[in-house]
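J.: Numbering-wise, numbering that gives the first Met the number 0 puts 157 at position 158 of the sequence shown, and it's gapless, one number per residue. In this text, a Cβ means the ideal position worked out from N, Cα and C, and glycines have one as well.
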Amino acid sequence: MNTSIAQSKTNLIDEYGLIGLLAAIFVTITTSISIFVIALVWSNKSRLHTVNHLLVCNTCIASMLYGATVINNFAYLIFGQWGMTMTSCRLQAYFGYSGIAGVIYSYLTQAVSRFFFSVLSMKYRWLTTFKTHFILIAINWITVFLLTSPAIITNDVTFTFGSICWVPLRNRIHTGYTAFAYYLLPVIVIILIYICIYVRVRRTTKNNQSIANSENSQKRDLELLRYILILLALYLAGGLPTIFYMVTSVDLIYYISMVSPSFMLIVEKICTIFLDREIRQIVKRFCCRSTIVQPFNASTTGRTGTLTMQQTIRQVNVQKKTVK
Numbered sequence: 000m001n002t003s004i005a006q007s008k009t010n011l012i013d014e015y016g017l018i019g020l021l022a023a024i025f026v027t028i029t030t031s032i033s034i035f036v037i038a039l040v041w042s043n044k045s046r047l048h049t050v051n052h053l054l055v056c057n058t059c060i061a062s063m064l065y066g067a068t069v070i071n072n073f074a075y076l077i078f079g080q081w082g083m084t085m086t087s088c089r090l091q092a093y094f095g096y097s098g099i100a101g102v103i104y105s106y107l108t109q110a111v112s113r114f115f116f117s118v119l120s121m122k123y124r125w126l127t128t129f130k131t132h133f134i135l136i137a138i139n140w141i142t143v144f145l146l147t148s149p150a151i152i153t154n155d156v157t158f159t160f161g162s163i164c165w166v167p168l169r170n171r172i173h174t175g176y177t178a179f180a181y182y183l184l185p186v187i188v189i190i191l192i193y194i195c196i197y198v199r200v201r202r203t204t205k206n207n208q209s210i211a212n213s214e215n216s217q218k219r220d221l222e223l224l225r226y227i228l229i230l231l232a233l234y235l236a237g238g239l240p241t242i243f244y245m246v247t248s249v250d251l252i253y254y255i256s257m258v259s260p261s262f263m264l265i266v267e268k269i270c271t272i273f274l275d276r277e278i279r280q281i282v283k284r285f286c287c288r289s290t291i292v293q294p295f296n297a298s299t300t301g302r303t304g305t306l307t308m309q310q311t312i313r314q315v316n317v318q319k320k321t322v323k
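#1: In this structure, how does DSSP classify L47 when only helix, strand and coil are distinguished?
#2: Examine the Cβ distances between the stretch 147-165 and the stretch 84-94 and report whether three or more of them are shorter than 8 Å.
#3: So the alpha helix (DSSP H) V166 belongs to, where does it begin and stop?
#4: If you draw a straight line from the alpha carbon of V143 to that of K283, how long is it in whole angstroms?
#5: Between F243 and M257, what straight-line distance do the alpha-carbon atoms span, to the nearest angstrom?
#6: Would you be able to state if there are at least three C-beta pairs under 8 Å between the stretch 18-25 and the stretch 33-41?
#7: Of the residues L39, R113 and Y96, which one's Cα is nearest the Cα of C164?
#8: Taking the beta carbon of S31 as the centre, do at least 16 other beta carbons fall within 10 Å, making it buried, or is it exposed?
#9: Can you check which of these residues, S162, R201 and T68, is closest to W77 by C-alpha distance?
#10: Out of L224, L64 and A67, point me to the one whose CA is closest to Y197's CA.
#11: Return yes when the Cβ of I190 is within less than 8 Å of the Cβ of L107, no when it is not.
#12: How do the stretch 258-271 and the stretch 230-241 stand: do at least 3 beta-carbon pairs fall below 8 Å, yes or no?
#13: Mapping the DSSP letters down to three states, classify V156 as helix, strand or coil.
#14: Suppose contacts are defined by Cβ-Cβ distances below 8 Å. Is T58 in contact with S105 by that definition?
#15: Does any residue of chain D bring its CB to less than 8 Å from the CB of V282?
#16: With DSSP as the reference, label V249 as helix, strand or coil.
#17: On the three-state DSSP scale, how would you describe S112?
#18: Which residues bound the alpha helix (DSSP H) around T131?
#19: Whose C-alpha, out of T131, L230 and S148, is nearest the C-alpha of T55?
#20: Helix, strand or coil for M63? Go by DSSP, reduced to three states.
#21: Between L183 and V200, which are expected to be in contact by the criterion C-beta below 8 Å, what is the C-beta distance as a whole number of angstroms?
#22: Could you round the C-beta distance between T29 and S62 to whole angstroms and report it? I think they count as a contact, below 8 Å.
#23: Taking Cβ to Cβ, would you say Y254 is nearer than 8 Å to L228?
#24: How should V317 be labelled, buried or exposed, when 16 other C-beta atoms within 10 angstroms of its C-beta is the threshold for buried?
#25: Taking only three categories from DSSP, how would you classify S42?
#26: Would you kindly check if the distance between the Cβ of L47 and the Cβ of L278 is under 8 Å?
#27: What separation, rounded to the nearest whole angstrom, lies between the Cα atoms of W140 and S117?
#28: Could you tell me whether the Cβ atoms of L101 and Y65 are closer together than 8 Å?
#29: What would DSSP say about G16, mapped onto helix, strand or coil?
#30: Work out the CA separation of N43 and L53 for me, nearest whole Å.
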C-alpha cells in the first residue's frame with residue numbers, strides 16, 4: 000500500500016511538477032506587480048487617489064485571489080490528493096471559479112464606472128463618488144460568490160484522483176452555465192457599454208460642437224474603456240489553449256492550458272502599467288530619478304575654492320589691522 004502511494008506521488012510530481020513550478024513563478028510575478036500597483040496608488044495620494052485607480056486596485060486584488068487558487072490547486076493536485084474529500088474538492092472548485100470570475104467581473108465593474116461618468120454623471124453626480132464605487136466593488140464580489148455557488152451546492156464537482164477539481168466536461172448544463180456566467184455575460188455587457196459610450200461620443204461631437212469639455216471627458220472615458228477591453232482580451236487569451244484542447248485532445252495543449260492564464264495575467268498587469276497614463280508617468284519619473292548620476296563639475300569646485308581662499312586672505316588682513 001505504501002509502495003503504491005509513493006509511486007503515485009512520484010508519477011504526479013513527474014507529470015505536473017514542472018507545470019506547477021511554472022505556474023508558481025508566474026503567479027509570484029503577477030502578485031508582485033499587483034502589490035506594486037496597489038502600493039503606488041496608496042503612496043501617491045495627490046495623483047492616484049481616484050475612483051478609476053480604486054477599481055484598478057480591485058482588479059489587482061482579484062488577480063492575487065486567482066493566483067492563490069492556482070497555487071492551491073497545484074498543491075492539492077501534487078501533494079494533497081490523499082487527504083482530499085468530496086467537500087474539500089468542491090470548496091477548491093468554488094474558490095477556483097471565484098478567482099477566475101473575480102478578475103473578469105472586476106473589469107465589468109470598471110466598465111460600469113465609465114458608464115456612470117460618461118452617461119449618467121450630469122444627472123446623477125452621486126454615482127461618481129468614492130462611496131458609490133465602494134458599494135459597486137461590494138456588489139461585484141457578492142455577485143461573483145453567488146454566481147460560482149453552484150460549484151459547491153450541487154453534486155456536479157466530483158473528486159477524481161490525479162485531476163484538478165473542476166466541473167467535468169460531460170456535465171453539459173453546468174459547463175454551459177460556467178462559460179456563460181463567468182465569461183460570456185460580463186464580456187457582452189462590457190461590449191454593450193463600450194458601444195453605448197461610443198455612440199454617445201459621436202452624437203456629442205456632431206450636435207454639441209461648442210461643448211468642448213464634455214466631449215473631451217467622454218472621449219477620455221471611451222479611451223479608458225478601450226483599455227479595459229484590451230486588458231480583458233489579454234486575460235481571456237489565456238483560456239484559448241483550453242478551447243484548443245477541447246477540440247484536439249492533445250496532451251501538450253492540455254499542459255499549456257494549465258499555465259497560460261497565469262502567464263497572461265503577467266502580460267495584463269504589465270500592460271496595466273503602460274496603458275494607465277498616470278501610473279506610467281509616475282513609474283517613468285521614479286525610474287529616471289533613480290538612474291540619474293550627478294556629474295563632477297570641476298569648474299564649480301575650482302570657483303568655490305578660489306572664493307574660499309579670497310575670503311581667508313581678507314580675514315587675515317582684517318586681523319592685522321585690528322592688531323595695529
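T.: In brief:
#1: On the sequence shown, residue 47 is found 48 positions in, with the first residue counted as 1. Here L47 sits in helix by DSSP.
#2: yes
#3: By 1-based counting over the sequence shown, the position of residue 166 is 167. Run containing V166: none; DSSP gives neither H nor E here.
#4: Taking the first residue of the sequence shown as position 1, residue 143 is located at position 144. Taking the first residue of the sequence shown as position 1, residue 283 is located at position 284. One C-alpha to the other measures close to 35 Å.
#5: Translated into positions along the sequence shown, residue 243 becomes position 244. Translated into positions along the sequence shown, residue 257 becomes position 258. Using only the alpha carbons, I get a separation of about 12 Å.
#6: no
#7: As a first step, residue 164 must be located in the sequence shown, where it is residue number 165. Among L39, R113 and Y96, the Cα nearest to that of C164 belongs to Y96.
#8: For the purposes of this step, residue 31 is taken as residue 32 along the sequence shown, with counting starting at 1. When all chains shown are included, S31 counts as exposed.
#9: Here residue 77 is taken as the residue at index 78 of the sequence shown, counted from 1. One detail in the question is off: residue 77 reads as Ile in this sequence, not Trp. When only C-alpha atoms are compared, the closest one is S162.
#10: As a working note, residue 197 is residue 198 in the sequence shown. Selected option, being the one with the closest Cα: L224.
#11: Counting from 1 along the sequence shown, the entry for residue 107 is found at position 108. Counting from 1 along the sequence shown, the entry for residue 190 is found at position 191. Not closer than 8 Å, so no.
#12: yes
#13: Along the sequence shown, one-based indexing puts residue 156 at 157. Looking at V156 - three-state DSSP - the assignment turns out to be coil, as it is neither helix nor strand.
#14: Taking the first residue of the sequence shown as position 1, residue 58 is located at position 59. Taking the first residue of the sequence shown as position 1, residue 105 is located at position 106. Yes, the pair counts as a contact, with Cβ atoms nearer than the cut-off.
#15: Reference to chain D is not applicable here, since this structure consists of a single protein chain.
#16: Indexing the sequence shown from 1 puts residue 249 at position 250. In the structure shown, V249 sits in coil (DSSP, three-state: anything other than H, G, I, E or B).
#17: In the sequence shown, counting from the first residue as 1, residue 112 sits at position 113. It is helical.
#18: By 1-based counting over the sequence shown, the position of residue 131 is 132. Taken as a continuous stretch (DSSP letters only), the alpha helix (DSSP H) holding T131 covers F129 to L146.
#19: Start at 1 with the first residue of the sequence shown, and residue 55 comes out as number 56. It is Val, not Thr, that sits at residue 55 in the sequence shown. Measuring from the Cα of V55, the nearest candidate turns out to be L230.
#20: Here residue 63 is taken as the residue at index 64 of the sequence shown, counted from 1. Looking at M63 - three-state DSSP - the assignment turns out to be helix.
#21: The residue given as residue 183 occupies position 184 in the sequence shown. The residue given as residue 200 occupies position 201 in the sequence shown. Actually they are not in contact, since the Cβ atoms of L183 and V200 sit about 26 Å apart, beyond 8 Å.
#22: The residue labelled residue 29 in the question sits at position 30 within the sequence shown. The residue labelled residue 62 in the question sits at position 63 within the sequence shown. Going by Cβ atoms, the distance from T29 to S62 rounds to 6 Å, so yes, they are a contact pair.
#23: Taking the sequence shown and counting its residues from 1, one reaches residue 254 at position 255. Taking the sequence shown and counting its residues from 1, one reaches residue 228 at position 229. Going by C-beta atoms, Y254 is not nearer than 8 Å to L228.
#24: Taking the first residue of the sequence shown as 1, we reach residue 317 at position 318. Unreliable positioning characterises V317 in this predicted model, as indicated by a pLDDT of 48, which lies under 50. The coordinate reading is nonetheless provided below. Per the 10 Å Cβ criterion, exposed.
#25: Your numbering for residue 42 matches position 43 in the sequence shown. It is helical.
#26: Within the sequence shown, the letter at position 279 stands for residue 278. Within the sequence shown, the letter at position 48 stands for residue 47. A quick correction: the sequence has Ile, not Leu, at residue 278. Yes, they are a contact pair.
#27: As a first step, residue 140 must be located in the sequence shown, where it is residue number 141. As a first step, residue 117 must be located in the sequence shown, where it is residue number 118. Taking the straight line joining both Cα atoms gives about 24 Å.
#28: Within the sequence shown, numbered from 1, the residue matching residue 101 stands at position 102. Within the sequence shown, numbered from 1, the residue matching residue 65 stands at position 66. Here the sequence assigns Gly to residue 101, which means Leu is not the residue at that position. Yes, these two residues count as a Cβ contact at 8 Å.
#29: As a position in the sequence shown, residue 16 is number 17, starting the count at 1. The answer is helix: DSSP assigns G16 an H, G or I state.
#30: Translated into positions along the sequence shown, residue 53 becomes position 54. Translated into positions along the sequence shown, residue 43 becomes position 44. Whole-angstrom Cα-Cα distance: 12 Å.
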